[in-house]
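Under the working numbering, think of the first position of the sequence shown as -16, with each following residue one higher.
Below: one structure, written as structure tokens.
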Amino acid sequence: MTPDEKHRLEAIEHRLSVLGTFSATLFRRLGAPEPLITDWFQAWRGGSLYQLYSAFNAIEAALKPPPKGRD
């Protein structure tokens, strides 16, 4: 790997890390439960795409408002 390629790879890894931290902060501010955020962040940092998708779906379900009853 050339020095330029290595520098580009490090820049991409840094941007992904920042995006993961930003997303976790956003989920916290939206009120997602901390264990779900932890699962999502762990999947982001080294899990499979399926784990990331599952963790995101769990957060999405936790943030959905409860269904409204019939009036």
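Ideal placement from N, C-alpha and C gives every residue a C-beta, glycine not left out.
Can you find the residues in the same chain that come closer than 8 Å, C-beta to C-beta, to residue i, ignoring five residues on each side of it along the sequence?
{"i": "residue 26", "result": "34, 35, 37, 38"}
{"i": "residue 13", "result": "46"}
For residue i, name the three-state secondary structure that DSSP assigns.
{"i": "residue -11", "result": "helix"}
{"i": "residue 38", "result": "helix"}
Using beta-carbon positions only, say whether residue i and residue j come within less than 8 Å of one another.
{"i": "residue 46", "j": "residue 7", "result": "no"}
{"i": "residue 24", "j": "residue 3", "result": "yes"}
{"i": "residue 20", "j": "residue 10", "result": "yes"}
{"i": "residue 44", "j": "residue 22", "result": "no"}
Sequence ranges, alpha helix (DSSP H) only - wholly within the region -2 to 46, length at least 4 = For the region -2 to 46, whole alpha helix (DSSP H) runs of length 4 or above, ordered along the chain, are 17 to 29, 32 to 46.
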